[in-house]
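Below: the structure, in structure tokens.
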């Protein structure tokens, strides 16, 4: 029996969460180091998965299959394609930096306030989320996926509601109320989506007789499983609704700005760079593969929703006074690009969308973590409370600028390649949508450069005159991510080589081919 590598990759952070939570309350530092050790060990396993994956091999590799609930056809089935491998690597890469960035975020206040839960709980919850996200990327049994798709909401609820941002303009009591509101809103939105998806999962079982993604897809491809058009469309909508909430796609996005605003910066990164990727990933894996006709049927409406998300998120980002809310609305705009690329139904669009998931995770991590370091120094999230930071903290300002330039997809940084592919892939099939979406790039330049100008340039405000520059731990957090932004911006081939075969198979599922150029190239 071969070593269950995929199970180990998901189980290791789960074991780490239990071990970290069990550390005595007086050993806070030991709990932090233990969480970091488990996150690094998980990264090592994720790299092993990446190395062992053969892009030219079978669609799903490193598979595991065991009977679980035999009476209902539920199996413990795992397998990864190129898209899943890339996102598992992204998740495992970001978690050690999230742990390091949040090193002091759950420390007790000097006043002895009981506002904060134990430090051990903070890091244990982060590892628990990592375990659930990884197994969601690995699951090829629909019911198994659904369980962890929903279960990850619980640790995220406590991370948002129990470990909120300390920089707050309101009293502690009002701040606690706002954190609770953000956490409950996050939970209710995602639970509503999950309940609708549960009905669709049950409906899928009634139609197919099992929950195996590979078996159902194969039966459909071979004509052994016929699904009425209306049934397929209703089931698709049930799945897509849940994924659109998680993504988040307009108009199901409103939980995200509140959640990111009230969370610590590392938890905000966990939300938008890791957890939300499960939604867009699931659109590719489940919606397109299980419901190809319904996916094609719904594409025009979804493309309109995606382009609205792009413009709407960017416009609202321009008008924000809070740094974290600005980054949250920018992320809504970016997720619009990802969804647009997925449903453009072209190889460039879907390759760009998958690459965008990876690049957005890295660029958002850089920008949000630097913003967190900035906010913790000033004690405020309001843009107006900053000014002249680059004169007193040049390294902080420089890395913040790089994160911002990546957010606006500057050529030479990673998000540019993915955004370009998405726009090219969209324009070849939906030229009007592609043209409108390009305005999102202009707006991204506006909100990013205005944010940098108002916080980093100009006269030095008295409140920031003594602001320290990045410390060694903080540089260790952002420097590798900045290097990755540049490397993938110049040479994205390592990622595209992994994801492109999976993209071609996904296009084959929906029986789509790239549009032919109207004018042939000269020979």
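In our numbering, the protein residues as written are 5 to 527. The C-beta atom is built at its ideal place from N, Cα and C for all residues, glycine as well.
Span of the alpha helix (DSSP H), counted from its first residue to its last, around residue i
i, result
"residue 465", "No alpha helix (DSSP H) contains residue 465, which DSSP labels as neither H nor E."
"residue 226", "Segment: none, residue 226 is in no alpha helix (DSSP H) and carries neither H nor E."
"residue 3", "In the structure as shown, the chain begins at 5 and stops at 527. Residue 3 is therefore absent and cannot be evaluated."
"residue 476", "476-494"
"residue 455", "435-460"
"residue 409", "398-411"
"residue 238", "233-250"
"residue 432", "Premise fails: residue 432 is in no alpha helix (DSSP H) and is neither H nor E."
Residue i CB to nearest heavy atom of the ligand MG below 7 angstroms
i, result
"residue 59", "With respect to the ligand MG, the structure offers nothing, as it holds no ligand at all."
Rounded Cβ spacing between residue i and residue j (contact assumed at less than 8 angstroms)
i, j, result
"residue 212", "residue 220", "5 angstroms"
"residue 9", "residue 49", "7 angstroms"
"residue 280", "residue 328", "Their Cβ separation, rounded to whole angstroms, is 15 angstroms, which puts residue 280 and residue 328 out of contact at 8 angstroms."
"residue 165", "residue 200", "Not a contact, Cβ separation roughly 24 angstroms."
"residue 492", "residue 363", "6 angstroms"
"residue 155", "residue 197", "Not confirmed; about 14 angstroms, so no contact."
"residue 153", "residue 253", "That pair is no contact at about 16 angstroms."
"residue 326", "residue 386", "6 angstroms"
"residue 528", "residue 95", "Outside the shown range of the chain, which is 5 to 527, sits residue 528, and nothing can be said about it."
"residue 261", "residue 333", "6 angstroms"
"residue 408", "residue 455", "7 angstroms"
"residue 429", "residue 509", "In fact, because the Cβ distance is near 16 angstroms, the residues do not count as touching under 8 angstroms."
"residue 14", "residue 135", "5 angstroms"
Euclidean distance between Cα positions of residue i and residue j
i, j, result
"residue 129", "residue 472", "30 angstroms"
"residue 519", "residue 511", "12 angstroms"
"residue 83", "residue 142", "5 angstroms"
"residue 118", "residue 182", "Caution applies to residue 118, whose pLDDT of 47 falls short of 50 and renders its modelled position unreliable; the model cannot decide the point."
"residue 291", "residue 67", "21 angstroms"
"residue 484", "residue 417", "14 angstroms"
"residue 216", "residue 313", "33 angstroms"
"residue 105", "residue 7", "33 angstroms"
"residue 72", "residue 65", "20 angstroms"
"residue 244", "residue 283", "9 angstroms"
"residue 276", "residue 224", "34 angstroms"
"residue 528", "residue 204", "Because the chain here runs from 5 to 527, residue 528 falls outside it and cannot be looked at."
"residue 269", "residue 391", "20 angstroms"
"residue 324", "residue 415", "26 angstroms"
"residue 499", "residue 467", "43 angstroms"
"residue 21", "residue 378", "29 angstroms"
"residue 458", "residue 399", "17 angstroms"
"residue 495", "residue 469", "39 angstroms"
"residue 18", "residue 278", "16 angstroms"
"residue 503", "residue 90", "7 angstroms"
"residue 343", "residue 110", "35 angstroms"
"residue 98", "residue 479", "15 angstroms"
"residue 255", "residue 193", "12 angstroms"
"residue 108", "residue 505", "42 angstroms"
"residue 321", "residue 410", "16 angstroms"
"residue 264", "residue 272", "5 angstroms"
"residue 489", "residue 419", "8 angstroms"
"residue 131", "residue 167", "15 angstroms"
"residue 438", "residue 289", "24 angstroms"
"residue 12", "residue 102", "21 angstroms"
"residue 285", "residue 382", "37 angstroms"
"residue 180", "residue 384", "16 angstroms"
"residue 39", "residue 126", "10 angstroms"
"residue 341", "residue 331", "15 angstroms"
Could you name each continuous beta strand (DSSP E) segment of 3 residues or more that falls completely within the stretch 12-91, going from the start of the chain to the end?
65-73, 78-84
At a cut of 8 angstroms, does the stretch 287-305 reach the stretch 335-355 through at least three beta carbon pairs?
yes
Only counting runs of 4 or more residues, tell me where the alpha helix (DSSP H) segments fall wholly within the stretch 122-202, in order along the chain.
123-142, 146-155, 157-166
Can you confirm whether the stretch 435-446 touches the stretch 361-380 when touching is taken to mean that 3 or more C-beta pairs between the two stretches lie within less than 8 angstroms?
no
3 or more residues per run - each beta strand (DSSP E) lying fully within the stretch 319-381:
none
Can we say the stretch 415-425 touches the stretch 288-297, given the rule of at least three CB pairs closer than 8 angstroms?
no
Hey, is the stretch 50-62 in contact with the stretch 76-94, meaning 3+ C-beta pairs nearer than 8 angstroms?
yes
Could you tell me which uninterrupted alpha helix (DSSP H) segments, each at least 4 residues in length, are contained entirely in the stretch 257-305, listed from first to last along the chain?
259-266, 269-273, 281-286
Is the stretch 458-471 touching the stretch 391-410, taking contact as three or more C-beta pairs under 8 angstroms?
yes
At a cut of 8 angstroms, does the stretch 28-44 reach the stretch 147-162 through at least three beta carbon pairs?
no
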